[in-house]
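My numbering applies: residue 17 is where the sequence shown begins, and numbers increase by one.
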Amino acid sequence: MIEKLLKKTNDKKFYNDCDLKLESYRFETSTSYLEMIFSINQNSYDIPIEYEEWKLSCRNTEKFDGFFWSLTLPYVKMKILQHHPLLLIFHENEIECEITGRPSNVNEFIGDVSYALERETGNWITVNEYFWNNEEFYQNYAKRTIMMPKSLGNSILKVCEKHDMGFQIKSELVGEKKGYADKPNAKILIFGNEDVSPNDFNLRQPYIIAEEFTAERIK
17 MIEKLLKKTN DKKFYNDCDL KLESYRFETS TSYLEMIFSI NQNSYDIPIE
67 YEEWKLSCRN TEKFDGFFWS LTLPYVKMKI LQHHPLLLIF HENEIECEIT
117 GRPSNVNEFI GDVSYALERE TGNWITVNEY FWNNEEFYQN YAKRTIMMPK
167 SLGNSILKVC EKHDMGFQIK SELVGEKKGY ADKPNAKILI FGNEDVSPND
217 FNLRQPYIIA EEFTAERIK
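As structure tokens, this is what we get:
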């Protein structure tokens, strides 16, 4: 049934004729189960034609974000993706990196890291995940350890070299050694609209990361 809902929201007429609205949600922390109720209102010249309610169930939910308003416009096109920048932490090996030294210009260093992450992840992973824009922090801590997906290592290495800072991979975590981040079956359900922004570039599209998604129409 989830395929029917996805197909419906990606129909060309859906964006113009329908409103997708989050009515309620419930998250069980003990089981990582997320349940959301969405309504779909179809109108023609402001005259209601059809009303539907759908229950979306998400098993082994890792994260959900971006549901700031009840109406999801302009992000109404639902897609399940197995490859996305937000899934790197769950799918890739993780590297433990030791960063040494202090940038002579903290703002420029942070800007270069931000640009590198935007280029690699479409701004889905931001500089705040790894570095602080605080000069006092670098003065007090000349050696720092950060963890990141393996594919990001080379880009951060180049930025560190540019700013005369050391970058050394101390270890690589694989499989169960990654702990909670070992989720090879994790997928992302994104509420997007590629006429506005590609799904792999962050413009605050709502999303859910979980291992399984199901849906049923309840009205």
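All residues carry an ideal CB built from backbone N, CA and C; glycine is no exception. This structure is a prediction, so every number in the text was calculated from the model and none was measured.
**Asked** Starting from GLY182 and walking both ways along the beta strand (DSSP E), at which residues does that stretch end?
**Response** By 1-based counting over the sequence shown, the position of residue 182 is 166. Start and end: 182-189.
**Asked** Going by beta carbon distance, what residues of the same chain come within less than 7 Å of PHE261, once the five residues before and after it are set aside?
**Response** Examination of residue 261 is not possible in this model, given that the chain is present from 17 through 235 alone.
**Request:** Compare the Cα-Cα distances from GLY117 to each of GLN155, VAL143, LYS95 and report the closest residue.
**Result:** By one-based count along the sequence shown, residue 117 stands at place 101. Residue GLN155 is the option with its Cα nearest to GLY117.
**Request:** Just confirm the distance between the C-beta atoms of CYS176 and ILE111, as a whole number of angstroms; I'd bet it's less than 8 Å.
**Result:** Numbered from its first residue, the sequence shown carries residue 176 at position 160. Numbered from its first residue, the sequence shown carries residue 111 at position 95. With a Cβ gap of about 14 Å, CYS176 and ILE111 do not count as contacting.
**GLN58 versus GLU69 - alpha carbon distance** = As a position in the sequence shown, residue 58 is number 42, starting the count at 1. As a position in the sequence shown, residue 69 is number 53, starting the count at 1. For GLN58 and GLU69, the distance between alpha carbons rounds to 12 Å.
**Message:** Which residue marks the beginning of the beta strand (DSSP E) containing PHE229, and which one marks its end?
**Reply:** Numbered from 1 along the sequence shown, position 213 holds the residue referred to as residue 229. Residues 228-233.
**Asked** Is there contact here, the stretch 38-55 with the stretch 64-83, by at least three beta-carbon pairs under 8 Å?
**Response** yes
**Item:** Residue range of the beta strand (DSSP E) that includes PHE43
**Value:** Translated into positions along the sequence shown, residue 43 becomes position 27. Its beta strand (DSSP E) spans residues 34-44.
**Request:** Within the same chain, show all residues whose beta-carbon is closer than 8 Å to that of ASN237, passing over the 5 residues directly before and after it, in chain order.
**Result:** Not covered by the structure: residue 237. The range shown for the chain is 17 to 235.
**Message:** Can you give me the C-alpha to C-alpha distance between GLY82 and LEU38, rounded to a whole angstrom?
**Reply:** Locating residue 82 in the sequence shown gives position 66, where the first residue counts as 1. Locating residue 38 in the sequence shown gives position 22, where the first residue counts as 1. If you take the alpha carbons of GLY82 and LEU38, they lie about 12 Å apart.
**Item:** ASP128: first and last residue of the uninterrupted alpha helix (DSSP H) it sits in
**Value:** Along the sequence shown, one-based indexing puts residue 128 at 112. Start and end: 122-137.
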